Amino acid sequence: MTRYLLSRVGQAALVLWAAFTAGYILLQLLPGDSVLIKFQNPELGLSPEQIAEIRAYYSGGNPPLVDYLHTLLGFARGSFGYSIDTGTPVVERLAEALPETAKLASAGFLLAVLIALVIAFAAGYSRTSWIRGALLSMPSLFVSVPVFWLGIVLIQVFSFRLGLVPVIGGSPAQQLILPVLTLAVPISAPIAQVLARSIDQVYTQPFVPVVAAKGASRWWILWRHVARNAVLPTLTMAGLTIGELIAGSVVTETVFGRNGIGRLTEQAVNAQDTPVMLAIVVLAATVFVLVNLVIDLLFPVLDPRLEVAA
Amino acid sequence: MNRPKIGLVLAWLVIGVALLWAVVPGVFTGHDPIAGVPAEKLQAPSGQHLFGTDAVGRDLFARVVHGAVHSLSGAFVAVGVGLLLGTLLGLLAGSAGGLLDDAIMRFVDVLLSVPGLLLALTVIILLGPGTVNVAIAVGIGSVAAFARLSRAEVVRVRRTDYVEAAFGSGGRYTTVLRRHVLPNSLGPVIALAALQFGLAILAISTLGFLGYGAEPPTPEWGLLISEGRNYLATSWWLTSLPGAVVVSVVLAAGRISRSLGADLGKDRA
Numbered sequence: 001m002t003r004y005l006l007s008r009v010g011q012a013a014l015v016l017w018a019a020f021t022a023g024y025i026l027l028q029l030l031p032g033d034s035v036l037i038k039f040q041n042p043e044l045g046l047s048p049e050q051i052a053e054i055r056a057y058y059s060g061g062n063p064p065l066v067d068y069l070h071t072l073l074g075f076a077r078g079s080f081g082y083s084i085d086t087g088t089p090v091v092e093r094l095a096e097a098l099p100e101t102a103k104l105a106s107a108g109f110l111l112a113v114l115i116a117l118v119i120a121f122a123a124g125y126s127r128t129s130w131i132r133g134a135l136l137s138m139p140s141l142f143v144s145v146p147v148f149w150l151g152i153v154l155i156q157v158f159s160f161r162l163g164l165v166p167v168i169g170g171s172p173a174q175q176l177i178l179p180v181l182t183l184a185v186p187i188s189a190p191i192a193q194v195l196a197r198s199i200d201q202v203y204t205q206p207f208v209p210v211v212a213a214k215g216a217s218r219w220w221i222l223w224r225h226v227a228r229n230a231v232l233p234t235l236t237m238a239g240l241t242i243g244e245l246i247a248g249s250v251v252t253e254t255v256f257g258r259n260g261i262g263r264l265t266e267q268a269v270n271a272q273d274t275p276v277m278l279a280i281v282v283l284a285a286t287v288f289v290l291v292n293l294v295i296d297l298l299f300p301v302l303d304p305r306l307e308v309a310a
Numbered sequence: 311m312n313r314p315k316i317g318l319v320l321a322w323l324v325i326g327v328a329l330l331w332a333v334v335p336g337v338f339t340g341h342d343p344i345a346g347v348p349a350e351k352l353q354a355p356s357g358q359h360l361f362g363t364d365a366v367g368r369d370l371f372a373r374v375v376h377g378a379v380h381s382l383s384g385a386f387v388a389v390g391v392g393l394l395l396g397t398l399l400g401l402l403a404g405s406a407g408g409l410l411d412d413a414i415m416r417f418v419d420v421l422l423s424v425p426g427l428l429l430a431l432t433v434i435i436l437l438g439p440g441t442v443n444v445a446i447a448v449g450i451g452s453v454a455a456f457a458r459l460s461r462a463e464v465v466r467v468r469r470t471d472y473v474e475a476a477f478g479s480g481g482r483y484t485t486v487l488r489r490h491v492l493p494n495s496l497g498p499v500i501a502l503a504a505l506q507f508g509l510a511i512l513a514i515s516t517l518g519f520l521g522y523g524a525e526p527p528t529p530e531w532g533l534l535i536s537e538g539r540n541y542l543a544t545s546w547w548l549t550s551l552p553g554a555v556v557v558s559v560v561l562a563a564g565r566i567s568r569s570l571g572a573d574l575g576k577d578r579a
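Quick mapping for you: the protein sequence lines, in order, are chains A and B.
Just so you know, we're using the working numbering here: the first sequence kicks off at 1 and counts up by one.
Just so you know, we're using the working numbering here: the second sequence kicks off at 311 and counts up by one.
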């Protein structure tokens, strides 16, 4: 068990290191030189020597490999360097943006799970084939909707038509309603799909008729026996949606004009602020890898049958 | 199962119409997508203007029809990039095995761990904005999916008797790979390509919406929705209708992908 744990943690660390390195090579070493782009503007009146000096300031004036190791050590210690755009430490800008995004993403994820549960359970419980069909086709509709467009349509319907949610002002909770809904819809789709499919699979197992023969109600069978066995594949899928969740938050924040990682990403791309972008990419990869690591390690805890195998 | 599947027929119809929009937009609309008639600005949908008109009096339906070529060709480039790079990596990993396999698949894990949108934006920082760059960026985001699937397929096909036989009868490594392994691994990859085509349209319109794609007068779908955002309170059609077109095309691509996947599954069983 300890060996399994160590090897999984080691793998996760390896992926993170590789993600950092790939991002570093792409963003810091390749030609699109952000320092040059920002400071070569003739209006600034900087001589090539001065530009070289600025570049040396940002890179520490070291050869690429030393600079790489320096940046890697910095990341490992939680210091992400300085923003080229504003000159402030990247860590400060991230710390400012993160709470808002964390709020949005976690609320969005919870709602997504709720929507997925409702769809999958209703489909699993229903005996009317057209209702089942309609419920099961909802996920493919949900993934086909552009997140940004969904946000706009929701604003249109709930704010402008029905006047239920204020467009400007409103309490923080009110401001969160539409973004969370926007984010939850596409995230719920893959979760609902996998849960519905595994519920169907569990229904074919021999213990289901046995429980039914003992007099269990349909709801009891679904909730106590089938759903519990359908949870594991769903959990794996939920972990894989984390990347979508982060990307969705970025888009949702832009549509609703919220401050957060999304806004920061947009600014970083527009200003070609590579240190900020590198930090965001590594942060997103870290969240994805950690969540999936935790889910992996939870498996034997949730299902004792797996512990023997591991 | 000979009952015609209405959904599938509809899906092919949607894709067919969208492709025709891209190839011969003039057949579908007589209006100019770029030049507007200021007197007819912000009109609601009508027989004259199917999708209404925008703030400078341009016919929205004409803009959507003429925009198809940007979104669809972008999606083709994106899928091409993903398919080519991904299948190449997967083929290499699956056929070589060992250390190379491990190295390639860990690299794919890294690609998977970064959300597609952030990966695309990173590529855009490097290459700069623009229609082609956005398509390449989106394509790189789909490399991981293609690589994983094609590797799994190659590993499956390699174990089959006919591949063993081809090797046994003296076939050269590359020849067997090209003549036997590759064609028999491609089926599911093609189904994935159809799915990714829809997802690429989504991703390209998202990047267009964020302002990294085509320049403003161009009627790219994401950009159209972004422009309509300023008239949300008064002109619902400017955002709703182009969005509905995007949703239909993406849904149709997904439906076709599922049918391709199911047909191929039947073959195998």
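Cβ coordinates follow ideal geometry from the N, Cα and C atoms, glycine included.
Keep in mind the model is a prediction, meaning the values are calculated, not measured.
From which residue to which residue does the alpha helix (DSSP H) around E244 of chain A run? 242-256
Evaluate R368 of chain B with the Cβ neighbour count: other Cβ atoms within 10 Å of its Cβ, from every protein chain shown; 16 or more gives buried, anything less gives exposed. buried
Check the C-beta distance from Y203 of chain A over to V226 of chain A and give it rounded, since I have them as a contact under 8 Å. 6 Å
Looking at chain A, is there any beta carbon in it that lies within less than 9 Å of the beta carbon of F456 of chain B? no
Throw me the rounded Cβ distance for the V444 of chain B and I535 of chain B pair, which I believe falls under 8 Å. The beta carbons of V444 of chain B and I535 of chain B sit about 15 Å from each other, so the pair does not count as a contact at 8 Å.
Per-residue contacts from A19 of chain A into chain B (C-beta, under 8 Å): V420, S423, V424
Minimum length 4: unbroken alpha helix (DSSP H) runs contained in the segment 258-285 of chain A: For the segment 258-285 of chain A, whole alpha helix (DSSP H) runs of length 4 or above, ordered along the chain, are 261-270.
Identity of the residues DSSP links to T363 of chain B by a beta bridge: B:D369
What does the alpha-carbon distance come out to for the pair L505 of chain B and N494 of chain B? 19 Å
With a cut-off of 9 Å, does the C-beta of Q267 of chain A fall near any C-beta of chain B? no
Please give me, in chain order, every unbroken run of the alpha helix (DSSP H) with length at least 4 that falls completely inside the segment 442-488 of chain B. 453-468, 471-478, 483-486
Just by C-beta distance, which residues in the segment 148-170 of chain A are closer than 7 Å to chain B? F148, W149, I152, V153, I155, Q156, F160
Leaving out five residues on either side along the sequence, give the residues of the same chain with a beta carbon under 8 Å from the beta carbon of Y82 of chain A. Excluding sequence neighbours, Y82 of chain A sits near Y58, T88, P89, V90, P275.
Can the beta-carbon of D85 of chain A be found closer than 9 Å to that of A271 of chain A? yes
Below-9 Å beta-carbon distance, A230 of chain A vs any chain B residue: no
In whole angstroms, give me the CA-to-CA distance for L288 of chain B and V442 of chain B. No information on residue 288 of chain B is available, as it lies outside the stretch 311 to 579 that chain B covers here.
Quick one: which residues of the segment 272-284 of chain A get their C-beta closer than 8 Å to a C-beta of chain B? List them in chain order. Q272, T274, M277, I280, V281, A284
Going by C-alpha distance, which of A:V153, A:E266, A:L297, A:A279 is nearest W599 of chain B? Here chain B comprises residues numbered 311 to 579, so residue 599 of chain B is not present and cannot be evaluated.
Do three or more CB pairs link the segment 520-538 of chain B to the segment 90-108 of chain A at distances below 8 Å? no
Report the three-state DSSP secondary structure of Y522 of chain B (helix, strand or coil). Y522 of chain B carries a coil assignment under DSSP once its states are collapsed to helix, strand and coil.
Given 8 Å as the limit, is there contact between the segment 132-144 of chain A and the segment 187-206 of chain A, that is, 3 or more CB pairs closer than that? Yes, the segment 132-144 of chain A touches the segment 187-206 of chain A.
Quick one: is S536 of chain B near chain A, going by C-beta distance under 9 Å? yes
Check each candidate in A:Q267, A:N292, A:P304, A:F299 and name the one with the smallest Cα separation from L431 of chain B. The shortest Cα separation from L431 of chain B among A:Q267, A:N292, A:P304, A:F299 belongs to A:Q267.
Considering just the uninterrupted stretch of the alpha helix (DSSP H) at W623 of chain B, what are its terminal residues? The requested residue 623 of chain B is not part of the displayed model; chain B covers only 311 to 579.
Neighbour list for A247 of chain A in chain B, Cβ cutoff strictly below 8 Å: P425, G426, L427, L428
Kindly indicate which residue of B:P335, B:G480, B:L512 has the alpha-carbon position closest to the one of L150 of chain A. Nearest to L150 of chain A by alpha-carbon distance, out of B:P335, B:G480, B:L512, is B:L512.
Can you give the Cα-Cα distance for L172 of chain A and P166 of chain A, rounded to whole angstroms? Note that residue 172 of chain A is Pro in the sequence shown here, rather than Leu. Distance between the alpha carbons of P172 of chain A and P166 of chain A is about 11 Å.
Return no unless some Cβ of chain A is closer than 9 Å to the Cβ of R368 of chain B. no
Is the shortest distance between the beta-carbon of G32 of chain A and the beta-carbons of chain B less than 9 Å? With a pLDDT of 49 at G32 of chain A, under the threshold of 50, the modelled position of that residue is not reliable, and no figure is offered here.
Could you tell me which of A:G163, A:A97, A:V180 sits nearest to V113 of chain A, measuring between CA atoms? The option with the nearest alpha carbon to V113 of chain A is A:V180.
I199 of chain A beta carbon less than 9 Å from that of A134 of chain A: no
Looking at L421 of chain B: is its Cβ nearer than 9 Å to the Cβ of A454 of chain B? yes
Closest Cβ-Cβ distance between V291 of chain B and chain A: below 9 Å? In this structure chain B extends from 311 to 579, so residue 291 of chain B is not present and cannot be described.
Report buried or exposed for V324 of chain B, applying the criterion of at least 16 other Cβ atoms within 10 angstroms of its Cβ. buried
With a threshold of 8 Å on Cβ separation, who are the neighbours of G317 of chain B within its own chain once the five nearest residues in sequence on each side are excluded? R565
From which residue to which residue does the alpha helix (DSSP H) around E530 of chain B run? E530 of chain B -> no alpha helix (DSSP H), and no H or E assigned at all.
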